[in-house]
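FYI, in my numbering the residues of the sequence shown are -2 to 387.
Even glycine gets a Cβ: it sits at the ideal position worked out from N, Cα and C.
Computed from a predicted model, the values in this text were never measured in an experiment.
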Amino acid sequence: MLDPELTHVTVMTPRGIGAIASCLVLGPDAFRAVNDCFSPRRGKPLSVADQGRVLFGDWQAAEELLVCVRDENSIEVHCHGGMAAVNVIITSLVAVGCQQCESEQLHELLESDPLVRLAGQLLPAAPTARTAGLLLEQYRGGLAGTLQQILQDLERGEASAALSQLDQLCEFSDLGRHLVRPWRVCLVGAPNVGKSSLLNALVGYQRAIVNDQAGTTRDQVTVTTVVDGWPLELVDTAGLRDSDQPLEQAGMELTRACIESVDVVLLVIDASQPGSVNCLPSGQLEDPLLVLNKWDLVDAVAVAGPDRFENSEPGEDHDGVRVSATCGWGMERLLDRLSRRLVPSPPVDGQQVPCGDELIDAISQAARAVACGEMESASRLLKYWTSLAP
């Protein structure tokens, strides 16, 4: 916990290179610290600037930037987004007495509501606009209202109503855990079934080396991408087959370990050589998404025609999604199937999605407690996350 008597500085924008970075100076000496480093070009000096006023000027005569006075204890500094510019700001403020900290730590001083604080801490790490939007719902108090209603139901002894709402939140537990952490999707199959070509086709550029020689992919090749607004990490793995080569065997061991740790396995088969699936150990794959690649070698007429996007058909996951990675045919169908495998029931407008492992675990524990008739235990778990906490 940060000392509120000290003045702190942190970078509020996510890590990385961008056009603009925002630093926040918070504490009783915030005004003095910024005033020591900043000289406005024109207009009111910082000493008489109104709250919310944006001033353009120079930072120690070395950097042009913007400063905004939020209040007497809180000042924003907006500079160029490169790390060099950010480091100049932070270093100079530390030199005049500020304490550098992480943005997550400042949220503890800025926000007393634990749900808002948690969402605010996670928001900078949201990898897509869709996941950021769900975090914003919690940041704006949507989930707080839902938890308050559940607590009222528990106080009135309406266990079924409380449990119904808790179960609805639990349905989105997996989604909530992936709002800042991508799903991992592993491409598995025999050598030369087109896993690397498929990876390249899915992300739209050549990330993995493609070669007709079996065993080209020996180490795991990963790439992050977005499918229907959901973040995911694709992992291309070494082909599975019988081999006495130590290096290739090591690659296959990595493949088997990957299978155990990912969220979805894409089992890629050469549709022109369907026997390639027989190389995989029986029972090792649990409900994989079957991909019939090289369909252009099976039905050239179908591939040459329009790639019409169709909704899912019953059992098609098991029958296989027909694609041609080299032609780019069938990718839309595969991406749609993958999206619905990751998030079978996307939240509708107004549906709250809990975020953060600790909060999600508390909601799950509260649901189990209500189901067992332990109403007081459930209330204690939920009150911790609301303004009703002691």
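Decide if residue i is buried, meaning its Cβ has at least 16 other Cβ atoms within 10 Å, or exposed.
i    : result
K291 : buried
Q270 : exposed
G24  : buried
V412 : One cannot answer for residue 412 here, as it falls past the ends of the chain, which runs -2 to 387.
G347 : exposed
Could you check how far apart the C-beta atoms of residue i and residue j are, in whole angstroms? I think they sit under 8 Å.
i    : j    : result
L119 : L106 : Not confirmed; about 17 Å, so no contact.
A18  : V8   : 6 Å
V31  : V22  : 6 Å
G173 : P351 : 5 Å
L289 : R330 : Contact flag wrong, Cβ pair sits at about 11 Å.
V74  : V66  : 11 Å between Cβ atoms; not a contact.
V218 : D233 : 4 Å
A116 : Q135 : 4 Å
V262 : V345 : Not confirmed; about 29 Å, so no contact.
Whole angstroms is fine: what's the gap from residue i's alpha carbon to residue j's?
i     : j    : result
V93   : C34  : 9 Å
C95   : M328 : 52 Å
R377  : C183 : 40 Å
P124  : P228 : 7 Å
G201  : V220 : 11 Å
D55   : R39  : 11 Å
S194  : W180 : 21 Å
L62   : R178 : 33 Å
A159  : L264 : 41 Å
M(-2) : L332 : 44 Å
S157  : R337 : 30 Å
G226  : A126 : 7 Å
E69   : Q146 : 37 Å
H5    : L163 : 38 Å
V83   : P341 : 42 Å
T10   : H77  : 12 Å
Q102  : A299 : 57 Å
A27   : D110 : 24 Å
C324  : A59  : 53 Å
S279  : I256 : With a pLDDT of 45 at S279, under the threshold of 50, the modelled position of this residue cannot be trusted, and the question is left open.
A187  : S258 : 19 Å
G370  : E230 : 41 Å
K192  : W326 : 15 Å
E355  : A129 : 19 Å
Q57   : E168 : 53 Å
C20   : Q349 : 30 Å
D47   : A368 : 55 Å
I87   : T383 : 34 Å
S390  : R334 : Outside the displayed range of the chain (-2 to 387) lies residue 390, so it cannot be described from this structure.
Does the Cβ-Cβ distance between residue i and residue j come in under 7 Å?
i    : j    : result
I360 : L196 : no
L294 : L144 : no
L287 : G317 : yes
A141 : L112 : yes
M372 : L148 : no
D267 : V190 : yes
A198 : A122 : no
A364 : S374 : no
S71  : I357 : no
Kindly indicate which three-state DSSP category residue i falls into: helix, strand or coil?
i    : result
F53  : strand
V6   : strand
C388 : With the chain represented from -2 up to 387, any question about residue 388 goes unanswered, as that position is not in the structure.
W382 : coil
H175 : coil
I67  : In the sequence under discussion, the amino acid at residue 67 is Arg, which differs from the Ile named in the question. R67: strand per DSSP, three-state reduction.
R127 : helix
V224 : strand
V218 : strand
Q97  : strand
V320 : coil
Hey, is residue i's beta-carbon within less than 7 Å of any beta-carbon in chain B?
i   : result
A27 : In the structure shown, chain B does not exist; there is a single protein chain.
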